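What follows is a set of notes on a single structure, which appears directly below.
There are 4 protein chains.
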Amino acid sequence: MTPNAEQLVVQTLGPATFPSPVPLSRRLGPNFVDDGMRVAVEVELHERDGERLRSPIGFEKAGPREKIFFDPENTRVGIVTCGGLCPGINNVIRAIVLELHYRYGIRSTFGIPYGFEGLDPRAGLSPIPLRPKEVQHVHRHGGSFLGLARGNRDIGDLVDGLQHLGIDVLIAIGGDGTLRGAHKIHEEIVRRRLRIAVVGVPKTIDNDVAFTDETFGFETAVEVARGTIDAAHTEALGARNGVAVVKLMGRDSGFLAASATIASMEVNFCLVPEVPFEMHGDQGFLDVLEKRIRKSGHAVVVVAEGCARSLMANDGEHDASGNVRYASGGNDVGPYLREKISAHFKAANLPLVLKYIDPSYLVRSVPANAVDAIFCDSLGRNAVHAAMAGKTDVVIGRWHRIFTHVPLALATWERRRIEPAGDLWRAVLETTGQPEFRVPSPESLRPGVRS
Amino acid sequence: MTPNAEQLVVQTLGPATFPSPVPLSRRLGPNFVDDGMRVAVEVELHERDGERLRSPIGFEKAGPREKIFFDPENTRVGIVTCGGLCPGINNVIRAIVLELHYRYGIRSTFGIPYGFEGLDPRAGLSPIPLRPKEVQHVHRHGGSFLGLARGNRDIGDLVDGLQHLGIDVLIAIGGDGTLRGAHKIHEEIVRRRLRIAVVGVPKTIDNDVAFTDETFGFETAVEVARGTIDAAHTEALGARNGVAVVKLMGRDSGFLAASATIASMEVNFCLVPEVPFEMHGDQGFLDVLEKRIRKSGHAVVVVAEGCARSLMANDGEHDASGNVRYASGGNDVGPYLREKISAHFKAANLPLVLKYIDPSYLVRSVPANAVDAIFCDSLGRNAVHAAMAGKTDVVIGRWHRIFTHVPLALATWERRRIEPAGDLWRAVLETTGQPEFRVPSPESLRPGVRS
Amino acid sequence: MTPNAEQLVVQTLGPATFPSPVPLSRRLGPNFVDDGMRVAVEVELHERDGERLRSPIGFEKAGPREKIFFDPENTRVGIVTCGGLCPGINNVIRAIVLELHYRYGIRSTFGIPYGFEGLDPRAGLSPIPLRPKEVQHVHRHGGSFLGLARGNRDIGDLVDGLQHLGIDVLIAIGGDGTLRGAHKIHEEIVRRRLRIAVVGVPKTIDNDVAFTDETFGFETAVEVARGTIDAAHTEALGARNGVAVVKLMGRDSGFLAASATIASMEVNFCLVPEVPFEMHGDQGFLDVLEKRIRKSGHAVVVVAEGCARSLMANDGEHDASGNVRYASGGNDVGPYLREKISAHFKAANLPLVLKYIDPSYLVRSVPANAVDAIFCDSLGRNAVHAAMAGKTDVVIGRWHRIFTHVPLALATWERRRIEPAGDLWRAVLETTGQPEFRVPSPESLRPGVRS
Amino acid sequence: MTPNAEQLVVQTLGPATFPSPVPLSRRLGPNFVDDGMRVAVEVELHERDGERLRSPIGFEKAGPREKIFFDPENTRVGIVTCGGLCPGINNVIRAIVLELHYRYGIRSTFGIPYGFEGLDPRAGLSPIPLRPKEVQHVHRHGGSFLGLARGNRDIGDLVDGLQHLGIDVLIAIGGDGTLRGAHKIHEEIVRRRLRIAVVGVPKTIDNDVAFTDETFGFETAVEVARGTIDAAHTEALGARNGVAVVKLMGRDSGFLAASATIASMEVNFCLVPEVPFEMHGDQGFLDVLEKRIRKSGHAVVVVAEGCARSLMANDGEHDASGNVRYASGGNDVGPYLREKISAHFKAANLPLVLKYIDPSYLVRSVPANAVDAIFCDSLGRNAVHAAMAGKTDVVIGRWHRIFTHVPLALATWERRRIEPAGDLWRAVLETTGQPEFRVPSPESLRPGVRS
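Residue numbers (the numbering used here), protein chains in the order written: chain A, 360 to 810; chain B, 360 to 810; chain C, 360 to 810; chain D, 360 to 810.
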């Protein structure tokens with residue numbers, strides 16, 4: 360079923376001669392596609408192909424191995440969930456428990472309550488034995504039935520806890536901090552010459568884990584966020600000069616804001632931290648928003664929380680000694696934007712009905728939708744396969760829709776961010792029709808230096 | 360952000376020595392993964408890399424070109440939807456209309472009503488002018504607001520219709536038959552030396568288009584199908600010896616049945632056309648079902664409609680002249696299975712409460728969920744980009760999550776089917792825990808030859 | 360806050376002189392409202408008001424009594440669920456368990472598995488101890504976690520079972536048959552001079568319990584049924600001459616069909632057993648449907664399953680000896696209607712795309728929506744209050760939105776049916792705009808007598 | 360089908376002698392039910408029954424009259440929507456338009472854009488002609504497609520607008536302020552001796568209209584609010600000492616908070632303006648919350664926004680001159696509560712993970728659920744019937760589930776509030792198990808007087 364080169368040839372009616380009117384940015388990069396760009400037919404390779412292909416060889420593929428490292432008779436597994444909620448955590452746990460129980464015949468699986476805290480012998484928390492019965496219905500509920508916690512703990516204490524509980528395999532479901540913690544646990548395990556496998560399942564509603572197509576729960580979050588935007592659109596349409604602002608999660612990256620924007624099809628302006636813009640001045644955001652309201656009478660704005668940093672720095676006013684004074688008290692981009700928009704329209708003497716929606720926890724506490732349920736099931740089972748095969752210091756990733764093993768150090772190397780010249784952001788621009796905003800000048804980004 | 364080979368190395372605790380107890384089939388193929396299997400880091404290439412990589416070069420990447428073939432001032436576009444319903448059709452149409460109107464400035468876009476019938480001058484149907492206003496809310500509704508139709512029509516008539524309407528670009532949203540029709544239309548266009556671009560958007564709830572990751576609407580259908588299975592599970596649990604059978608669409612392939620099975624996490628037996636099995640005899644389906652009921656008191660069965668063919672042939676009894684007599688009247692696998700199960704349990708003198716659920720049209724008539732909405736938006740816009748650049752005889756595909764141009768002949772070359780030795784089916788086996796059923800013997804599949 | 364008569368006077372602009380064009384039926388009864396019709400301000404009364412008001416005094420109000428009959432220290436309660444599924448059963452059970460545990464301090468509550476069968480000592484089923492922990496999450500799931508069963512059992516055996524388990528209070532959640540069974544159990548209890556309270560909670564998806572506003576789960580079912588009709592509407596719109604037929608539950612009454620019809624706002628014809636009609640002939644259903652298709656090109660038909668009886672009898676053809684021969688094999692109104700419509704359009708030489716949807720179990724297996732959750736919570740708690748106060752041979756009803764005690768004999772006296780001259784059916788007529796169909800002549804209903 | 364007194368008699372096992380342990384409040388009033396309390400069988404009466412029954416006669420029943428006041432040939436109808444969003448507005452408009460068009464044959468129906476502003480000739484807004492086509496799909500969307508506005512306008516201008524547009528019937532969908540405005544419009548119409556009918560449809564998400572069972576959209580709002588509480592519960596369970604606070608709408612009454620609390624079944628504390636309580640001190644809210652956290656480790660709190668007034672007054676500290684200083688800046692009860700809880704736990708040295716959820720607009724911008732869709736359909740049609748019959752200065756109410764005519768003056772006489780001694784609040788107490796909080800002393804409610 361592999362096509363040959365001839366079969367892949369695309370017909371054209373003739374040479375393309377007209378310049379495209381599509382208003383893509385040349386500034387952000389080569390947003391246009393050229394005809395020589397290709398998508399490889401095959402993405403699964405074998406290690407021995409490396410040399411032949413002269414290409415960097417890829418990720419190790421995840422999945423069940425024919426030979427395994429741990430003897431199922433004598434293996435004890437601990438599962439821990441850390442950080443914030445995310446749709447599908449319970450699905451991952453359930454898949455792990457069922458795979459261990461039914462496929463590997465393991466009878467000692469434990470849930471560590473309330474994150475790494477539950478590993479700390481001094482926390483006074485007991486591990487929860489997990490058999491199929493305990494996880495029978497958990498996937499129908501959001502959250503983590505094990506409980507989670509944030510915060511750093513002493514790595515030595517945690518490895519003490521692992522040893523105390525006799526755990527051979529630790530599966531940690533968590534975000535960036537958790538995975539860094541898991542890596543340190545692995546290092547301490549190596550130092551102590553223990554034989555404990557540490558396998559991570561990356562969890563973040565921001566979907567910004569490097570070398571992973573997508574993290575679980577993200578599509579569910581997009582679904583909920585879309586509903587929020589629909590509500591905002593309804594509110595904006597319901598009032599004369601109605602502007603609705605929706606704030607979505609995304610500390611460093613705007614994936615949720617961008618994806619929900621496209622899914623909704625009703626957003627006029629999508630603001631993400633990866634694409635800087637000026638608030639004020641000609642073609643600044645407020646100016647463009649005002650023009651739209653004068654023309655169309657309503658607008659929907661989606662903003663990722665991570666816009667706060669640059670926006671507020673940029674917008675700061677300076678006191679006598681040249682230090683930035685933030686116009687808004689907190690560091691929350693939502694109220695900040697609300698305040699700026701209100702002030703701008705007041706100054707422009709343009710009536711405005713402004714609605715602000717912050718769905719916050721509603722986005723992350725729902726059960727996984729069907730796509731995420733499928734995703735979580737495979738993540739959980741592949742985590743088991745990896746651990747049982749003796750893989751360690753590794754997370755389960757997915758790359759081009761195939762499950763992979765990604766070394767922990769690589770997975771936490773950097774955060775994935777929206778590529779302003781890439782396909783996702785182009786889709787946002789096409790859906791919203793938003794113009795290129797005025798960009799902060801380099802100076803304005805260093806306000807303290809202004810004379 | 361490209362990792363080097365060293366960064367991709369996965370740690371192991373030591374050599375894996377135990378044979379895996381995971382009950383994967385060796386018969387279906389190498390279901391286990393070996394450590395040398397790799398997933399390529401980069402999947403986007405440039406044509407000129409072809410030689411360097413010595414690998415078959417891939418699909419042409421879709422997207423907006425800097426130079427286009429058609430002059431937006433004088434281009435007329437027709438959109439047609441054919442076949443059965445599928446979530447997201449209206450989203451695709453909306454994206455096409457908005458992209459043409461706002462980005463390319465095209466003012467002559469038409470919807471062809473009721474499939475290719477609407478192109479036939481003798482059908483007495485008028486094209487519907489499509490501007491942004493007409494498509495403002497359509498994405499919130501299932502179905503196709505243009506109407507669809509099935510059935511073959513004379514290709515000459517259809518090209519007459521295109522010429523009559525002065526159409527330069529025809530975008531056809533439809534399934535296998537539609538795409539074959541579009542290819543023939545293209546051939547007739549070439550024969551008549553016309554300059555009309557023909558671009559397809561593949562549509563099938565069965566998700567079985569070749570060289571496409573996935574077709575739009577599929578994930579929405581999985582969501583609805585999962586709900587149906589949840590209902591079945593509830594029914595099965597609610598009765599002593601409760602068996603619930605859910606029939607799902609899938610004429611040649613079981614993608615919907617398999618995916619909904621994994622998403623639901625409650626299915627005990629998933630039956631698809633790609634994986635043959637015996638109904639009767641030791642370790643036949645009925646025998647295995649009976650054992651499960653005796654042990655657990657309830658069971659959920661999901662069957663793809665396409666199992667009908669082989670099952671019924673296989674199960675036929677022979678009359679005096681050696682012809683097959685079908686036990687069941689029709690060719691619907693649902694009632695057939697219901698009948699067989701009832702008869703088996705009656706013969707086994709085992710009480711049974713059997714519930715049969717056929718969600719049929721409910722699965723395909725809903726609006727697109729968020730993931731599909733995003734998918735459809737890009738499909739529609741890329742169809743416009745392709746057509747405006749003068750691409751023709753092509754469909755918009757998606758490969759490794761990247762949008763591509765797939766020649767029509769390639770896209771209709773064959774149907775995609777579940778690989779019994781691949782990752783998807785392995786996930787089904789792991790989730791259901793279903794055993795390998797007894798397989799029909801080669802003879803039994805040729806019943807007429809039996810002496 | 361009680362208004363006086365003067366405050367209730369409604370202003371009019373003057374005498375109404377024009378005859379109303381609203382096409383309401385005079386045949387079905389006084390569908391029009393006259394100005395003298397009133398809705399009482401107060402509906403809660405006190406027994407002693409009876410004489411003063413000279414009106415039949417009403418139902419005993421449900422709720423917690425200050426003095427109770429059973430000593431909480433020594434009371435054992437059994438809960439049993441019978442018949443088919445209905446949204447909210449688990450909510451009712453949960454409310455009963457929590458009320459008994461937290462409010463009355465009762466420590467011996469049991470679930471009887473699989474209906475009355477679980478009471479029969481010979482069934483080999485053990486009662487399930489129910490504490491708050493066991494019911495913590497059950498309301499999030501459809502069905503009954505206790506399991507249900509249909510069918511008659513020996514009343515003596517069941518009372519033996521109650522005595523064997525030492526049960527003081529039996530709360531039975533079930534339909535007509537269950538409540539009749541509960542009444543017989545009460546009679547046997549009286550005969551044996553036992554002190555066991557029997558309290559019922561009526562459960563039927565058909566919403567046809569007499570002297571009850573509504574039964575629990577009904578509004579949830581309407582919600583799901585509406586979704587089904589929306590799907591049907593989408594299918595009908597998607598095809599030229601598209602007709603979609605939805606069959607809904609309702610053996611003797613069409614409440615579900617009627618309510619879902621109004622909720623959907625997209626139905627053209629709603630057929631219920633309470634309002635007879637002719638299939639054939641001028642202004643028969645098929646004739647009217649044909650006219651609509653010729654005019655509008657699509658139609659949505661909702662039919663209650665209970666139409667089967669009269670329709671099929673009416674439509675029967677007679678053999679030589681005057682016996683009815685049913686045109687269709689089974690007694691299922693859905694396939695019957697599908698067959699008749701197809702035949703009629705074929706005879707009329709009118710192309711037709713017919714879609715048939717039978718949501719069946721999907722309507723009844725979902726969890727309760729919010730309204731039903733509230734309803735179920737109060738039903739369960741009031742069942743406890745009634746039983747603890749020593750009420751017996753009684754069900755919890757709701758009348759004018761107030762919870763009541765209805766004697767079992769009264770609750771099973773007759774079934775509630777749609778009043779063709781009442782408000783609900785008028786709303787159906789207004790929403791659908793369906794005409795009065797030709798009515799079967801009295802002779803046609805007695806086919807055997809035809810000469 | 361009317362039962363006689365004998366049939367209504369409820370059996371008891373014997374005299375109730377034990378005092379009930381159910382912890383109902385005696386302070387709030389007679390929360391227990393006594394056996395003499397009755398619910399009337401019949402609630403529909405005829406005016407002429409008034410004397411016979413010696414009871415205050417009830418509301419005029421709504422519905423189509425056989426004779427009407429306006430000549431359908433020459434009647435022009437205006438529809439206006441005012442105030443905030445509420446699920447179902449579009450359904451009401453659609454029902455009005457369809458009833459006018461199809462049943463009364465009226466061809467001049469207009470939507471007034473953006474509330475009463477659209478009637479003001481100086482606003483420069485044109486009425487929108489409404490035919491069935493314009494409202495075909497509107498019920499699938501939340502909001503009001505006509506737009507709404509708040510604020511007072513000159514009554515004379517509005518009646519000028521009505522005259523200018525030649526409107527005979529004005530149907531106003533709106534809240535308290537709108538209905539008061541409609542009443543004044545009626546008075547001005549009378550003053551000018553015009554023949555214009557003014558009919559209102561009460562709209563408020565707070566469900567606090569007097570003499571109306573319920574207002575439309577409320578049950579949909581409860582459904583969404585329940586989802587919010589489920590999310591809060593998930594968050595609270597996910598953290599050690601997790602407290603989740605949900606703020607819901609309800610300026611003067613806590614119906615939404617109370618109903619969503621019961622529907623959710625997961626709330627531990629429900630705070631409404633009708634039931635005052637102390638924050639501080641022994642058995643104050645904070646003290647009770649702390650006890651619960653120490654015992655159970657998590658808690659869900661639902662608070663109606665209207666609690667702000669009394670709480671903040673009550674909680675104010677006094678400056679030197681005896682004036683209240685509010686601890687929190689604004690008057691928003693949510694942040695206030697969040698701040699108080701945090702401070703209390705900090706003072707108690709008890710770790711706390713506090714999540715605050717304010718679903719705000721999400722609750723009111725969704726489309727109507729099935730129950731509300733049915734409700735809205737009848738409201739709209741009954742508004743038409745009333746207006747066409749010449750009724751004026753009236754709203755459509757629903758009383759004991761029957762549609763009524765309520766004079767505008769009566770409908771705006773006072774707001775409906777939760778009766779602390781009634782059935783709804785008892786259900787809240789039973790579901791939450793919350794204790795009676797310490798009540799503010801009369802002095803504390805007049806802080807200025809404190810010496």
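Where a beta carbon is used, it is the ideal one built from N, C-alpha and C, also for glycine.
In this text the structure is predicted, and so the values were computed from the model without any measurement.
Across the set A:E778, A:V753, A:D513, the C-alpha of A:V753 shows the shortest separation from the C-alpha of L372 (chain B). A Cβ of chain C is located within less than 8 Å of the beta carbon of E594 (chain B).
Excluding residues up to 5 positions away in sequence, P561, K562, T563, N566, V568 lie with their Cβ nearer than 7 Å to the Cβ of T574 (chain B) in the same chain. Chain D has a Cβ within less than 8 Å of the Cβ of R499 (chain B).
The segment 546-599 of chain C is shown to contain whole beta strand (DSSP E) runs of 3 or more residues at 556-561, in chain order.
Considering only beta carbons, no part of the segment 553-568 of chain B lies closer than 7 Å to chain C. Using beta-carbon distances, F391 (chain D) counts as an interface residue toward chain C, with a partner under 8 Å.
Rounded to whole angstroms, the separation of the alpha carbons of T620 (chain C) and T791 (chain C) is 8 Å. For R599 (chain B), the closest alpha carbon among the candidates C:K420, C:A482, C:E637, C:G640 is that of C:A482. Interface annotation, V660 (chain B): not in contact with chain C, CB-CB separation never under 8 Å. Here N741 (chain D) is buried: its Cβ has 16 or more other Cβ atoms, across all protein chains shown, within 10 Å.
K426 (chain D) has C:P378 as its beta-bridge partners, per DSSP. Inter-segment contact for the segment 575-584 of chain C and the segment 715-735 of chain C is present: three or more beta-carbon pairs are separated by less than 8 Å.
The straight-line gap separating the alpha-carbon atoms of K420 (chain D) and S701 (chain A) is approximately 48 Å. Listed in chain order, the non-local C-beta contacts of R760 (chain D) below 8 Å within the same chain comprise D572, local neighbours out to five positions each way being set aside. For G756 (chain D), the enclosing beta strand (DSSP E) stretches over residues 753-758. For N363 (chain A), the closest of B:G417, B:G609, B:I733, B:I448 by C-alpha to C-alpha distance is B:G417. Taking 8 Å as the upper bound for CB-CB distance, G470 (chain D) and L489 (chain D) are in contact here, some 5 Å apart. Contact fails between the segment 526-546 of chain D and the segment 627-637 of chain A, because fewer than three Cβ pairs, one in each stretch, are under 8 Å apart. With fewer than 16 neighbouring CB atoms inside 10 Å of its own CB, G525 (chain B) falls in the exposed class.
The beta carbon of V369 (chain D) is closer than 8 Å to none in its chain, skipping five residues each way along the sequence.
Interface annotation, S379 (chain D): in contact with chain C, CB-CB separation under 8 Å. For the pair R668 (chain A) and D611 (chain A), the Cα-to-Cα distance works out to about 10 Å.
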